[in-house]
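Quick note: the sequence shown uses our numbering, first residue -2, plus one each step. All residues carry an ideal CB built from backbone N, CA and C; glycine is no exception. Note sheet for the following structure.
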Amino acid sequence: MKLSILIPVYNEQETISKIIALVKRVKLGRGFGKEIIVINDASTDQTVKILNKLKGIRIYNHKRNKGKGAAINLAFKKATGDMVVIQDADLEYDPKYLPKLIEVMKRKKADVVYGSRLKNYPLRLTGKKRTPLALHYLGNKFLSLITRLIYGVNITDMETGYKMIKKEFLEGINIKSQRFDLEPELTAKLIKSGAKIVETPIRTIPRGYNEGKKITWKDGIAALWSLIKYRFVD
Ligand SMILES: Nc1nc2c(ncn2[C@@H]2O[C@H](COP(=O)(O)OP(=O)(O)O)[C@@H](O)[C@H]2O)c(=O)[nH]1
Ligand SMILES: [Mg+2]
């Protein structure tokens, strides 16, 4: 078996070599191979220079910046593994969870596994364990609630970056979303394809805008619209 690890990257010079090192190091299980596919989306910082020095990865470059959705659409077409997973290039999602996602996929006979940041994770507004980016937390909760309501599925974190998908379930799927509306479109299309989606809890280390976070509240609105739209079209 082989896992294709798809890394969309846009101006992540601070974290790109670290995340690739972590991905290379992680052990997926006996007889499990991996391929690492990086889509550089016309980064203007040192990202390209750093990438070109690394070995054991396949790099594709977009000539101009198109967004995470466009990058993943290309990566889906280039992947040769039995399953794929999306791995962000910042350090929010720790590759140590990849073996767990695989294990859950096997054990629960799932076609798709989402790493849920929100399962068993209460909102805390004060104290040491205060929820970072509480507005994002609430936005993600809300979008997941809408997903449950209009698709009738049991998903707690629709917006998670960690989505592992059996390759055969990608065949009929063409992603039109250019940017972060990738997440609702992909989720909608996987549900409509009849894929069995299972979640497993993960912990992430959220980063702030000063550390290069690019998603904003406007993407939240776009996500809501996508959820509604793809319920009825395409
Ligand atoms: N290819 C591509 N990737 C992007 C773009 N914007 C962000 N990303 C990548 O998408 C991932 C998630 O971005 P981030 O800002 O951390 O959003 P969040 O983690 O979903 O809140 C990171 O690996 C970014 O480098 C873009 O325009 N193009
Ligand atoms: Mg991130």
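In angstroms with no decimal places, state the Cα-to-Cα distance between residue i and residue j.
{"i": "K116", "j": "T153", "result": "6 Å"}
{"i": "L122", "j": "A131", "result": "7 Å"}
{"i": "P119", "j": "N151", "result": "18 Å"}
{"i": "W222", "j": "R27", "result": "42 Å"}
{"i": "K50", "j": "S174", "result": "31 Å"}
{"i": "G136", "j": "A219", "result": "12 Å"}
{"i": "V230", "j": "T41", "result": "36 Å"}
{"i": "I56", "j": "K215", "result": "29 Å"}
{"i": "H59", "j": "G124", "result": "43 Å"}
{"i": "K52", "j": "K97", "result": "26 Å"}
{"i": "G112", "j": "P181", "result": "15 Å"}
{"i": "S190", "j": "I17", "result": "31 Å"}
{"i": "D108", "j": "A86", "result": "24 Å"}
{"i": "K24", "j": "G64", "result": "30 Å"}
{"i": "M102", "j": "T197", "result": "10 Å"}
{"i": "Q43", "j": "L19", "result": "19 Å"}
{"i": "L146", "j": "A192", "result": "18 Å"}
{"i": "E208", "j": "L88", "result": "11 Å"}
{"i": "I170", "j": "M155", "result": "17 Å"}
{"i": "R114", "j": "R200", "result": "6 Å"}
{"i": "L224", "j": "A185", "result": "7 Å"}
{"i": "E32", "j": "R204", "result": "27 Å"}
{"i": "F29", "j": "Q84", "result": "17 Å"}
{"i": "R104", "j": "L183", "result": "23 Å"}
{"i": "K46", "j": "G149", "result": "45 Å"}
{"i": "K138", "j": "I212", "result": "16 Å"}
Mind reading off the beta-carbon distance from residue i to residue j? Whole number of angstroms is fine, and I expect it under 8 Å.
{"i": "I162", "j": "L0", "result": "No, I162 and L0 are not in contact; Cβ-Cβ is about 11 Å, not under 8 Å."}
{"i": "K160", "j": "V82", "result": "7 Å"}
{"i": "G158", "j": "Y90", "result": "5 Å"}
{"i": "I194", "j": "I188", "result": "7 Å"}
Would you kindly report the start and end of the unbroken beta strand (DSSP E) that includes residue i?
{"i": "E89", "result": "Note, E89: premise wrong, no beta strand (DSSP E); not H, not E."}
{"i": "T197", "result": "194 to 198"}
{"i": "L0", "result": "-1 to 6"}
{"i": "S113", "result": "109 to 113"}
{"i": "R55", "result": "55 to 58"}
In the DSSP assignment, the alpha helix (DSSP H) including residue i goes from what residue to what residue?
{"i": "Y134", "result": "131 to 148"}
{"i": "N37", "result": "Counting along the chain, N37 falls outside any alpha helix (DSSP H), though it belongs to the beta strand (DSSP E) covering 30 to 37."}
{"i": "D178", "result": "No alpha helix (DSSP H) contains D178, which DSSP labels as neither H nor E."}
{"i": "E100", "result": "95 to 104"}
{"i": "F166", "result": "First-last for F166: undefined, no H or E at that position."}
{"i": "I69", "result": "65 to 75"}
{"i": "G217", "result": "214 to 229"}
{"i": "K15", "result": "13 to 22"}
Taking the DSSP output, what are the residues bridged to residue i?
{"i": "M155", "result": "Answer is none; M155 lacks a bridge partner."}
{"i": "V82", "result": "I2, M161"}
Against chain B, does residue i count as a neighbour if the rule is that its beta carbon must be under 8 Å from one of theirs?
{"i": "D154", "result": "Absent here is chain B; the protein component of the structure consists of one chain."}
Should the region 69 to 86 be regarded as contacting the region 168 to 183, the criterion being three or more beta carbon pairs within less than 8 Å?
Counting Cβ pairs under 8 Å, three or more are found: they touch.
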